[in-house]
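Residue numbers (my numbering), protein chains in the order written: chain W, 1 to 111; chain Y, 112 to 223.
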């Protein structure tokens, strides 16, 4: 059953610009995670934010979580061509349940 | 990039054949998962395991089986392959504490 819904479905930006992707979910969560997937490969874990956290940073990544709106955003600053990939949010309802993934946002960074 | 390995990387097989997709991890993770992903789409949970001799069904489990005899090994078996099984199959593992998943590179299956 789908939990996360990313928006937009696709995003194309110039190198150096910031990219923002949004994720909305339906039920309460223990934590929300973001993953990156390069074409035809497995997913790579980027960042995890717990339900009692509002913002988290990792390098050029910034994630926010608004549990009242059941939404999260992923900001990639100063994007590079190597950031071109699909980005997925995934939710863990209890802290001990398998992740439920959204459909992803396809990001293209043009050099 | 990851300590989780899936074989084969690509597989083309005829309808009705029995196939086993292999997944092994060297991290000692107790939790392992199988997801199915069509190109450009979301991941759907097929099966998961929280330890040896423990397996649970996900949303798409009805046409496949798994086993967990050793911590490091979590194979997925399709008893009778159909063209609708054509997809990418992703294996992942995680630790007991809340944390991210480590994914394998996937097996791209084509059933003709």
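No residue lacks a Cβ here, since even glycine has one placed at the ideal position from N, Cα and C.
Note that the structure is a prediction, hence the values are computed from the model and not measured.
For the pair residue 31 of chain W and residue 83 of chain W, the CB atoms are not nearer than the 8 Å cut-off.
Between residue 214 of chain Y and residue 164 of chain Y, the alpha-carbon positions lie close to 21 Å from each other.
Contact of residue 99 of chain W with chain Y is assigned, a C-beta pair being separated by under 8 Å.
Residue 184 of chain Y is bridged by DSSP to Y/135, Y/181. At a cut-off of 8 Å between beta-carbon atoms, residue 14 of chain W makes no contact with chain Y. At a Cβ-Cβ threshold of 8 Å, residue 60 of chain W and residue 78 of chain W count as neighbours. Residue-level contact by beta carbon holds for residue 153 of chain Y and chain W, with a gap shorter than 8 Å.
Between the alpha carbons of residue 200 of chain Y and residue 94 of chain W lies a gap of roughly 25 Å. Contact check between the stretch 119-131 of chain Y and the stretch 145-154 of chain Y: fewer than three CB pairs, one atom from each, fall below 8 Å, which does not count as touching. Inclusion of residue 183 of chain Y and residue 117 of chain Y in the CB contact set at 8 Å is not warranted, their separation being larger than that value. Chain order gives no chain Y residues near residue 69 of chain W, where near means a beta carbon separation below 8 Å; the closest approach is about 21 Å.
Boundaries of the beta strand (DSSP E) around residue 21 of chain W: 19-24. Of all residues in the stretch 43-63 of chain W, only 43, 44, 45, 46, 47, 48, 50 come within less than 9 Å of chain Y when Cβ atoms are compared, listed by chain position. Interface annotation, residue 26 of chain W: not in contact with chain Y, CB-CB separation never under 8 Å. Residue 132 of chain Y and residue 142 of chain Y have their alpha carbons spaced roughly 18 Å apart. In the DSSP assignment, residue 31 of chain W is bridged to W/50, W/92.
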